[in-house]
Amino acid sequence: MVTAKKTKKTHESINNRLALVMKSGKYTLGYKTVLKTLRSSKGKLILLSNNCPPLRKSEIEYYAMLAKVGVHHYNGNNVDLGTACGKYFRVSCLSIIDAGDSDIIKTVPGDH
Numbered sequence: 001m002v003t004a005k006k007t008k009k010t011h012e013s014i015n016n017r018l019a020l021v022m023k024s025g026k027y028t029l030g031y032k033t034v035l036k037t038l039r040s041s042k043g044k045l046i047l048l049s050n051n052c053p054p055l056r057k058s059e060i061e062y063y064a065m066l067a068k069v070g071v072h073h074y075n076g077n078n079v080d081l082g083t084a085c086g087k088y089f090r091v092s093c094l095s096i097i098d099a100g101d102s103d104i105i106k107t108v109p110g111d112h
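For the sequence shown, UniProt numbering begins at 1 and goes up steadily by one.
Right under this line is the structure:
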């Protein structure tokens, strides 16, 4: 029971930090633009929803490994990630280019 509360709290803090990035930072939404940011080494952190297709997920992880960028597997589906971004559509992957006022890059555990 304690771990469920802790995961909910970290989930909420990621959502708060993500909302701050949406307000003050730079980001790209979507598979194609995430790959572009990884190829041009502009991305600082990649977030993937848990229902992102496996082939896309492995391709993004591979490009992120080459670019030495952290990948965080968001604990929610693409509808949840879209809602956390403040959008009314589904988002399966997003790349944070500039965090702005948020400290999401330091605090979110990105798998390097």
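Cβ atoms here follow ideal geometry from the backbone N, Cα and C, with glycine treated the same way.
Compare the Cα-Cα distances from residue i to each of the options and report the closest residue.
i	options	result
residue 72	80, 87, 101, 61	61
residue 86	18, 68, 95	18
residue 101	46, 54, 26, 58	26
residue 41	66, 32, 50	66
residue 39	64, 93, 81	64
residue 79	97, 23, 50	50
residue 33	23, 47, 21	47
residue 15	57, 36, 76, 92	76
Counting C-beta neighbours from all protein chains within 10 Å, is the total for residue i 16 or more, i.e. buried, or is it exposed?
i	result
residue 30	exposed
residue 44	buried
residue 107	exposed
residue 95	buried
residue 114	Here the chain has residues from 1 to 112 only, and residue 114 is not among them.
residue 13	exposed
residue 58	exposed
residue 81	buried
Bridge partners of residue i, per DSSP?
i	result
residue 98	26
residue 85	Answer by DSSP bridge pairing: none, since residue 85 is not bridged.
Where do the ends of the beta strand (DSSP E) carrying residue i lie?
i	result
residue 71	70 to 73
How far does the alpha helix (DSSP H) with residue i in it reach, from first residue to last?
i	result
residue 39	31 to 39
residue 56	54 to 67
residue 44	Taken as a continuous stretch (DSSP letters only), residue 44 belongs to no alpha helix (DSSP H), as it is neither H nor E.
Helix, strand or coil, according to DSSP, for residue i in the structure here?
i	result
residue 1	Note that residue 1 scores 48 on pLDDT, short of 50, meaning its location in the model is unreliable; the coordinates nonetheless yield the value given after this. Here residue 1 sits in coil by DSSP.
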